[in-house]
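Chemist:
Residue numbers (the working numbering): 2 to 80.
#1: Tell me whether residue 73 sits in a helix, a strand or coil according to DSSP, three-state version.
#2: Using a Cβ-Cβ cutoff of less than 6 Å, which residues in the same chain neighbour residue 22 once the five nearest sequence positions on both sides are dropped?
#3: Quick check on the burial criterion: 16 or more other C-beta atoms within 10 angstroms. Buried or exposed for residue 31?
#4: Is it right to say residue 66 is buried, meaning 16 or more other beta carbons lie within 10 angstroms of its own, or is it exposed?
#5: Could you tell me the distance, in whole angstroms, from the CA atom of residue 49 to the CA atom of residue 58?
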């Protein structure tokens, strides 16, 4: 397995962190609710996750809607 060059950035993401991500309506903001390290299903979609490449459940600050995203789709924001 190749080393993950983004591992340091990925390890910075924790439950409770404020993050942003892209949506079809533009960039949105919210908080991380859960960190997933095993494959899972969310909103009738299957997601692949591992400790090397986790996924996160996030909640929008604007709409309270929840979504699942790979770590690479999220950008940590300063509080």
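The beta carbon of each residue, even a glycine, is placed where N, CA and C say it ideally should be.
Modeler: According to the structure data:
#1: Look at residue 73 here: in three-state DSSP terms it is helix.
#2: For residue 22, where only same-chain residues beyond five positions count, the Cβ hits under 6 Å are 70, 74, 75.
#3: Around the beta-carbon of residue 31, 16 or more other beta-carbon atoms lie within 10 Å, marking it buried.
#4: Residue 66 counts as exposed, since fewer than 16 other C-beta atoms from the protein chains shown sit within 10 angstroms of its C-beta.
#5: One C-alpha to the other measures close to 13 Å.
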